[in-house]
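**Student:** Input: one structure, supplied below.
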Amino acid sequence: MTDNRPVVTMTGISKSFLGVRALHDVNFRLFPGEVHALMGENGAGKSTLIKVLTGVYDTDEGAITLDGQPVSFTGPMQATAAGVSTVFQEVNLCTNLSVAENIFIGREPRRLGAVRWGEVRRRARTLLARLDLDLDVSAPLGSYSLAIQQMVAIARAIDIQARVLILDEPTSSLDAVEVAQLFRIMRQLRDEGIAILFVTHFLDQVYEIADRITVLRNGGLVGEYATAELPQLSLVEKMIGKELDVLEGIEERSRRNLAVLEEGTPLVAVSDFGRAGSVEPFSLTIHAGEVVGLAGLLGSGRTEVARLLFGADRTDGGQVAVDGTPSSLRTPAQAIGHGVGFCSENRRAEGIVADLSVRENMILAMQAARGWLRPIPRRRQDELVDKYIKALNIRPSDPEVPVRNLSGGNQQKVLLARWLITEPRLLILDEPTRGIDIGAKTEIQKLVTQLSDGGMAVLFISAELEEVLRLSHKVAVMRDRQMVAQLANDDGLDADRVMQTIASGSHREEADR
Amino acid sequence: MTTGSLTAGRARFRLPRRQIPVLATLVLLLVMYGIGVSQYQAFSNVQVIFNVFIDNGFLLVVAVGMTFVILTGGIDLSVGSVVAMTAMVSASLLQQGLPAALVLVIALLIGPTLGLLMGCAIHFFEIQPFIVTLAGMFFARGMCTFISGSSIPITDGFWTRMSQERIGDPRGNFVSISVLVAFVVVAVAAYTLAYTRLGRNVYAIGGNPQSALLMGLPLGRTRIAVYTISGLCSAIGGILLSFYTLSGAPLIAVGMELDVIAAVVIGGTVLTGGSGYVFGTVLGVLVLGVIQTLITFDGSLNSWWTKIVIGGLLFAFILLQRLIGIRYK
Ligand SMILES: Nc1ncnc2c1ncn2[C@@H]1O[C@H](COP(=O)(O)OP(=O)(O)OP(=O)(O)O)[C@@H](O)[C@H]1O
Ligand SMILES: [Mg+2]
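In the order they appear, the protein sequences are chains Z and H. Numbering-wise, this note's numbering comes out as the position in the first sequence, counting from 1, plus 6. Numbering-wise, this note's numbering comes out as the position in the second sequence, counting from 1, plus 1482.
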């Protein structure tokens, strides 16, 4: 596969942002008909390399060739026209427009200046059929799940006779079924001779799909490898530059006896919580020091459960008891008052304030909880912020940089720190490790274990079953917007059993102690 | 777990949600008309409806321009002042004896030029549209009084002909020239929004400017274009107003921008951008017009009731938009 000539080469690429060195003397090659994984920790420079290639940023130094010809694109539009299509890290489409229009806007087929809508729809259907998607192309994109939106973004990217397809973390918001679907499409495109550059933090996926791997670390090139010749452990070592400490410690501790944990009054007990059109009524208890995992496919109602518990959506009925006393969780303010913290999955829309600094972003929730009339002394702020920058290994470690300049994964860490700082009694984490590199993922998992040992209750939502199983004492399984089971995480429980429940569990099982 | 499960039934709401506000406005309009007809015999006369158009033709044209701006998520507060300024300039130039055709051209250039400048300020200096167009509003209003402190009558032949021309059917119902102009503007605008790249870019930018940019759409050009279009519509509206009143007055159309915004919003266009139709704006203007007519027919009600009703409706419609959740973001 690699015996022909590369379609893209990048040599000696360097790029700095106001003194921050994002890339330094990086070489990169991409061959036709290969899937090439670009790996590295958060902030290693993966997205920057992609943006340099597609002309979003200028290079400081270095040269790029396409089919042997030197190129320097002025922006994604020009790159696309030359056959280099990109799906950027966050889905960038307009949800108010129809599916078909999202695929074709900017290059709609026209006659005498008038968009030919019939043709647009017809071509969109053909294109989606090629990707095995059967959508109503005139429905607004916003009426489809994030995963589908991701697929539509890919459809947009491959429409233009693309020869190079760049996917920056396309899988971070997809569940297993959808990833399988995406990979099928990627293989198909690869076999058609398209070169695919693929970024992910999931190692399994790399080994499943990639032919070759390029590893970046701290903006520098570590090396280029054939996947078959690079064992997983060495890949991790190359990414983080040292050996990864293993997770076994965590595993042992999380197996604390659920029965012991669940003695006494629960911290939060809800019954018959639900919301028409969103989640069927469910009941759930969470005790101090307990980690409850919420498993289920994308769109199964995991986030909706979290939003109800936080008062971000209102429940249609049911009761809540906090520490055994009846109370209410009808608004986020009430929930925060009861010590509930909610780290949302949708960091760009709901969480991060891009123009504020890392420090300001981290302090936000704590300040809100104290009320704006009692500012947190600067010394205390610095202390806290420093602590979490270290704990989560946020880079750059300067608390005063605006969050917009951080890489996607590091932004996620800042958001997490924001809620950790408030030291809530119940912390709801919705996909906290999405888009986060393996080192930081381990850190976050350790942190969750530590916090729960210290008495904090955690509701942990994740699409990755292994992670849920590793951390939780009890796993609640969601399916089709219904809580179908609550399983004690004892020796009998493994990923297969949870998968089975997700696939088939139609009636409620009680926690089997 | 077939691949079918990925796609089937994932569309969360299939209803034509974006059309609901427009439909609601249509229903409201019909209800109001029904009330009118059942209460007052003369209301069923077709001329009543024609009069609504005659009285509000200029408002409709300006509202069409505003629809473009609001669809991108912006706002244009300068429209009322630009309307007044256009009428003032026309009246004053005609008074000085310039030929009507020349005056028309000059008057039609002022609005879009100001719009272009405001659009550039908004785009290149990243200043809030609210502030920029507020400045534009003061500037244009200031220019009015600068031209003349008092009203200037128009006696020009062309203008008076335009003012008096009646296009009617054999039974004596008629509309004025300005209604025809307004219809042409509406048709052109509807076509532009639905069938041209410019129009589609307007929706895309209103939906998510960041995404629009990354999709390679010309963000700046589109933004500047909508304020220019709004300026042009205001200029046309100003000319129509001067046909209607046969004068230019420094304090005419004060606060008109608010009526225009109200009409656009009642017509179903979402203030945050990305969703709405020109047809809705036509309905919105008609709603305002019919309310006025109803209150005139009643005779006992103070004209302030118009404002009160519009306020209530505006509130109701914004509430409706929220409830339907036209916030795909
Ligand atoms: N616009 C910018 N201004 C300043 N610094 C930036 C900017 N964009 C990126 N950086 C910095 O460049 C470095 C590389 O960022 P990049 O986004 O390429 O990381 P990444 O490898 O994609 O990480 P992730 O896995 O988290 O997405 C980071 O240290 C980041 O803070
Ligand atoms: Mg990235």
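Cβ coordinates follow ideal geometry from the N, Cα and C atoms, glycine included. Keep in mind it's a predicted model, so treat the numbers as computed, not measured.
(1) Would you list, in chain order, the members of the stretch 1683-1699 of chain H that have their beta-carbon closer than 8 Å to a beta-carbon of chain Z?
(2) Answer yes or no: does any C-beta atom of chain H fall closer than 7 Å to that of residue 253 (chain Z)?
(3) Is the beta carbon of residue 147 (chain Z) closer than 7 Å to that of residue 108 (chain Z)?
(4) In angstroms with no decimal places, state the Cα-to-Cα distance between residue 68 (chain Z) and residue 74 (chain Z).
(5) Taking C-beta to C-beta, are residue 394 (chain Z) and residue 374 (chain Z) nearer than 7 Å?
(6) If the criterion is Cβ atoms closer than 7 Å, does the pair residue 1606 (chain H) and residue 1660 (chain H) meet it?
(7) Between residue 1529 (chain H) and residue 1655 (chain H), is the Cβ-Cβ spacing less than 7 Å?
(8) Comparing the CB of residue 1546 (chain H) with every heavy atom of ligand 1, is any distance shorter than 6 Å?
(9) Taking only beta carbons into account, state which residues of the stretch 397-422 of chain Z come closer than 8 Å to chain H, listed in chain order.
(10) Under 9 Å between beta-carbons, which chain H residues line up against residue 121 (chain Z)? List them in chain order, please.
(11) Pairing CB atoms from the stretch 1669-1684 of chain H with CB atoms from the stretch 1512-1528 of chain H, are three or more of them under 8 Å?
(12) Which of the residues in the stretch 1740-1761 of chain H, read from start to end, lie with their CB under 8 Å from any CB of chain Z?
(13) Which residues mark the beginning and the end of the alpha helix (DSSP H) in which residue 142 (chain Z) is found?
(14) When you measure from the CB of residue 530 (chain Z) to every non-hydrogen atom of ligand 2, does any distance come out below 6 Å?
(15) Would you kindly work out how many angstroms separate the C-alpha atoms of residue 366 (chain Z) and residue 63 (chain Z), rounded to a whole number?
(16) Grouping DSSP H, G and I as helix and E and B as strand, with all else coil, what is residue 1667 (chain H)?
(17) Is any heavy atom of ligand 2 found at a distance shorter than 6 Å from the C-beta of residue 95 (chain Z)?
(18) Checking contacts by CB at 7 Å: is residue 102 (chain Z) closer than that to chain H?
(19) What in chain H is Cβ-close to residue 83 (chain Z), meaning under 8 Å?
(20) Compute the Euclidean distance between the alpha carbons of residue 522 (chain Z) and residue 493 (chain Z), then round it to the nearest angstrom.
(21) Is there at least one Cβ from chain H nearer than 7 Å to residue 324 (chain Z)'s Cβ?
(22) Kindly say whether residue 495 (chain Z), judged by its beta-carbon, lies nearer than 7 Å to any beta-carbon of chain H.
(23) Measure the C-alpha to C-alpha separation of residue 410 (chain Z) and residue 360 (chain Z) and round it to an integer number of angstroms.
(24) Should the stretch 177-191 of chain Z be called in touch with the stretch 207-225 of chain Z, which here means at least 3 C-beta pairs below 8 Å?
(25) Leaving aside the five residues before and after residue 32 (chain Z) along the sequence, list all residues of the same chain whose C-beta is less than 6 Å from its C-beta, in chain order.
(26) So, does the CB of residue 507 (chain Z) fall closer than 7 Å to a CB anywhere in chain H?
(27) Which residues in the same chain have their Cβ closer than 7 Å to the Cβ of residue 1796 (chain H), if we skip the five residues on either side of it in sequence?
(28) DSSP has residue 346 (chain Z) in a bridge; who is on the other side?
(29) Quickly, what does DSSP pair residue 537 (chain Z) with across the bridge? List them, please.
(30) Does the beta-carbon distance from residue 60 (chain Z) to residue 92 (chain Z) come in below 7 Å?
(31) Pull up the distance between the alpha-carbon of residue 1626 (chain H) and that of residue 1557 (chain H), whole angstroms please.
(32) What residues in its chain sit with their C-beta under 8 Å from that of residue 1507 (chain H), if we drop five residues either side in the sequence?
(33) For the candidate residues Z:38, Z:461, Z:426 and Z:385, whose alpha-carbon lies nearest to that of residue 196 (chain Z)?
(34) Mind checking the stretch 269-302 of chain Z against chain H and listing, in chain order, the residues whose C-beta falls within less than 8 Å of any C-beta there?
(35) Check this for me: beta carbons of residue 1585 (chain H) and residue 1576 (chain H), under 7 Å apart or not?
**Tutor:** This is what the structure gives:
(1) Listed in sequence order: 1683, 1685, 1686, 1688, 1689, 1690, 1692, 1693, 1694, 1696, 1697, 1698 and 1699.
(2) Any answer about residue 253 (chain Z) is weak, because its pLDDT of 46 lies below 50 and its placement is not dependable; what the coordinates show is given next. Chain H contact via Cβ: absent.
(3) Yes, they are a contact pair.
(4) Rounded to whole angstroms, residue 68 (chain Z) to residue 74 (chain Z) spans 15 Å at the Cα level.
(5) In terms of Cβ geometry, residue 394 (chain Z) and residue 374 (chain Z) do not form a close pair [threshold 7 Å].
(6) Taking 7 Å as the cut-off, the Cβ atoms of residue 1606 (chain H) and residue 1660 (chain H) do not count as close.
(7) The Cβ-Cβ distance between residue 1529 (chain H) and residue 1655 (chain H) falls below 7 Å.
(8) Between ligand 1 and residue 1546 (chain H), a heavy atom-to-CB distance of less than 6 Å is absent.
(9) Contacts with chain H (Cβ-Cβ distance below 8 Å) from the stretch 397-422 of chain Z involve no residue at all.
(10) The contacting residues are 1676, 1677, 1678, 1679, 1681 and 1682.
(11) At 8 Å Cβ cutoff, the stretches do not touch.
(12) Those residues of the stretch 1740-1761 of chain H that come within reach of chain Z (Cβ to Cβ, closer than 8 Å) are 1756 and 1757.
(13) Residue 142 (chain Z): not part of any alpha helix (DSSP H); DSSP gives it neither H nor E.
(14) With chain Z covering only 7 through 519, there is no way to say anything about residue 530 (chain Z).
(15) Rounded to whole angstroms, the separation of the alpha carbons of residue 63 (chain Z) and residue 366 (chain Z) is 27 Å.
(16) Residue 1667 (chain H) falls in the helix class under three-state DSSP.
(17) Under cutoff, so the answer is yes.
(18) Chain H, which has a Cβ nearer than 7 Å to the Cβ of residue 102 (chain Z), makes this yes.
(19) For residue 83 (chain Z), the chain H residues whose Cβ falls inside 8 Å of its Cβ are 1698, in order along the chain.
(20) This structure cannot speak to residue 522 (chain Z), because chain Z is shown only from 7 to 519.
(21) No, its Cβ sits nowhere closer than 7 Å to a Cβ of chain H.
(22) It does not: the Cβ of residue 495 (chain Z) has no partner Cβ on chain H nearer than 7 Å.
(23) For residue 410 (chain Z) and residue 360 (chain Z), the distance between alpha carbons rounds to 5 Å.
(24) Taking 8 Å as the limit for Cβ pairs, the verdict is that the stretch 207-225 of chain Z does touch the stretch 177-191 of chain Z.
(25) The beta carbon of residue 32 (chain Z) is closer than 6 Å to those of 19 and 227 in its chain, skipping five residues each way along the sequence.
(26) When Cβ-Cβ separations below 7 Å define contact, residue 507 (chain Z) makes no contact with chain H.
(27) These residues qualify, in order along the chain: 1744, 1747 and 1748.
(28) Secondary-structure assignment with DSSP links residue 346 (chain Z) through a beta bridge to Z:432.
(29) Chain Z is shown from 7 up to 519; residue 537 (chain Z) falls before or after that span and cannot be answered.
(30) In this structure, residue 92 (chain Z) lies closer than 7 Å to residue 60 (chain Z) by Cβ.
(31) One C-alpha to the other measures close to 22 Å.
(32) Cβ neighbours of residue 1507 (chain H) beyond the five flanking positions: 1748, 1749, 1750, 1762, 1765, 1766, 1769 and 1799.
(33) If we check each option's Cα against that of residue 196 (chain Z), Z:38 comes out closest.
(34) Within the stretch 269-302 of chain Z, no residue has a Cβ that lies closer than 8 Å to any Cβ of chain H.
(35) In this structure, residue 1585 (chain H) sits near residue 1576 (chain H), with a CB-CB distance shorter than 7 Å.
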